[in-house]
Structures are given as C-alpha cells and as structure tokens.
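Numbering (the UniProt record's numbering), first residue to last: 1 to 327.
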C-alpha cells in the first residue's frame, strides 16, 4: 500500500523543513505511544511513568487518539508550527463543521464517550477542557523531555538542511525514512493499510521531524488542509532512555500544599480565571476548585475578587514566589 504525494514545480520551491518538533504532533504521537508497548528500549520508562501520572484531563485525550488508525486532524493544526499557544488557539477555533465531520469519522472506528458528542456540537466548555488537557499533557509529559528530544533532532535537521542546500531535495528523501522514495514528480510513502493520492497543487509541503513518531511517517487525512508530513527521527540506541522526571520545584510545591492544591495553584498561575474555569484547568469538580481556591486565598497565595455575579482568582506575588522560590 502506498501514499502518493504529487508535486508540481511550485511545490518544490515551497517545501520546507521544520527546525524542531511540532508540539501538538508530539502530544498526539505521545498519546499513541502511551497505549502501545512498542520500542520498549526507547519509550518503556517514559511510558511506564506517564501511565502512572495521567491526570483526568489527560486520560480523556486517549479517547480521541487511538494508537492505530485515524486520529482527528483538528488535534494537529498547521498553526502549531508557530508554537504551542498558537496551536492550541487553532484547536479551540476549529469550526463546528470540522468537529462534527472528524469526530463522526472517528466514531465509525472506535466507541467514543458521551462528552465527545457535546464537543462535536460545538460546546465551548468541553472544548476548553480539551485544550487544557492538551496543554497539560505537553507540559507534564512532553516538555520535560525536550532537552533529550532536541539532542536527537537538532543534528538530524542540520544534516537535512545541508543535504538540500548541497545536493537537492531528491537526495534528502532517503535520509528521512526508509519508507519514502522519490520518482519525479511523486513522493511515495510505503505504509500498510493506506492507499491514497495527495495533489499539492502548488501549496508545497512541510516536513516535520518527530521523536514520538515511531514507525511510519504521518500525514493529515483531509487533503484540503495545509500539507504536512511528520517523519520519525531515527533513535540512537546508545542514547540514554527517555524518562519522566518531576522537577524538584514541582515536588517541593506539592509537598508543601498537597498535590491537588499545588495543581490548583499552578492552574491559577496560567491566568486569572473563574471557579468553573479553574475546575476545568485542574481537572476537578467546581466544589473542590472553590474549596481549594478559598484555602489559597485565606493563606495569601491567591487574590479572589468578585466580578458581577462571579469571582475571579488571580495569582498574587506571594503565590508567585512560592512557585518560583524553589527553583
């Protein structure tokens, strides 16, 4: 089975190589790895620890990211190439039509929980919760690995840049992955269970290196979206295994306040929020969020003030010092 990508002259001029991994693609592919037992020498320790420390928000993401087959395109928008915040903003701005179509396609393959029906209908509260889950997974499971990931990817991307500059695009293809082959004007991706054609029509394609892309290159399903090909960087067997470590700062804050209250304080540090917004960010009930915010306010870490019929919680300087003072 082959995925065939058809180039025109303009496409070669507009093809780019991302210089670093895309944060939301790493989240999606990390979720895939989490559910498999592949490549234990590379991902085993990370997977074991990540499974033990999944928050409620992060667990919900698994429903949208089956490890084999289709995952919705809206989880990895092209805007994520501009950084995590831009990517999450693009996820939040997904049109109701796209949500309904892609979640409907996913439901044909897997059984989805009830909350996904509200997401498909455009429920903003559910979308907000999803966005916070994506941010949380990146912050706790992906970002701590970035020094190690960069060590793997930066030399590979530098080599790819040099190859294109000195020898041209055709010489780059065999470097990216063994499943890729070039016979002008077609880039072929040899992969199981996929037989498709994609015509770039002058849009070019963005080549994105990935640490968590573990076996085959990945593409978006919708041909109307900006073309992206995410390719796995070859893992060096001699490199130390990827691990998950909580920072000393996180541990110290959790030891001081308790894990849930520390999470609430960090959630408030992301920006002023109402109690209901805080509950979504922290993955707890509104009643629990209200109680933890009250305690943080009474101990002088958080400022709470009323706006109309609701209250807003804001991290004050004392709370900021608690979060930063144990660096």
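A virtual CB, placed ideally from N, CA and C, is assigned to each residue, including glycine.
query: With burial defined as no fewer than 16 other Cβ atoms inside 10 Å of the residue's Cβ, what is the status of residue 6: buried or exposed?; result: exposed
query: Start and end of the beta strand (DSSP E) containing residue 3?; result: 2–6
query: Do residue 286 and residue 279 have their C-beta atoms closer together than 8 Å?; result: yes
query: With a floor of 4 residues, list each alpha helix (DSSP H) that falls wholly inside the stretch 164–199, ordered by position along the chain.; result: 169–176
query: In the DSSP assignment, find the alpha helix (DSSP H) that holds residue 278 and state where it starts and stops.; result: 275–282
query: Please report the residue range of the alpha helix (DSSP H) in which residue 297 lies.; result: 286–298
query: Counting only the same chain and skipping the five closest in sequence on each side, list residues whose C-beta sits under 6 Å from that of residue 4.; result: 186, 188, 197
query: In whole angstroms, give me the CA-to-CA distance for residue 206 and residue 20.; result: 12 Å
query: Please classify residue 53: does DSSP put it in a helix, a strand, or coil?; result: coil
query: For the candidate residues 171, 202, 141, whose alpha-carbon lies nearest to that of residue 59?; result: 141
query: Would you please state the rounded distance, in angstroms, between the beta carbons of residue 219 and residue 1? I believe it to be under 8 Å.; result: No, residue 219 and residue 1 are not in contact; Cβ-Cβ is about 13 Å, not under 8 Å.
query: From residue 307 to residue 276, what does the alpha carbon distance come to, in whole angstroms?; result: 14 Å
query: If you draw a straight line from the alpha carbon of residue 70 to that of residue 301, how long is it in whole angstroms?; result: 44 Å
query: Got a sec? Which residues, its chain only, sit under 6 Å from residue 116 by beta carbon, not counting five neighbours each side?; result: 103
query: Count the other C-beta atoms from every protein chain shown that fall within 10 angstroms of the C-beta of residue 208, then say buried if there are 16 or more, exposed otherwise.; result: buried
query: Please say whether residue 73 and residue 221 have beta carbons closer to each other than 8 Å?; result: yes
query: Tell me the rounded alpha-carbon separation between residue 322 and residue 213.; result: 37 Å
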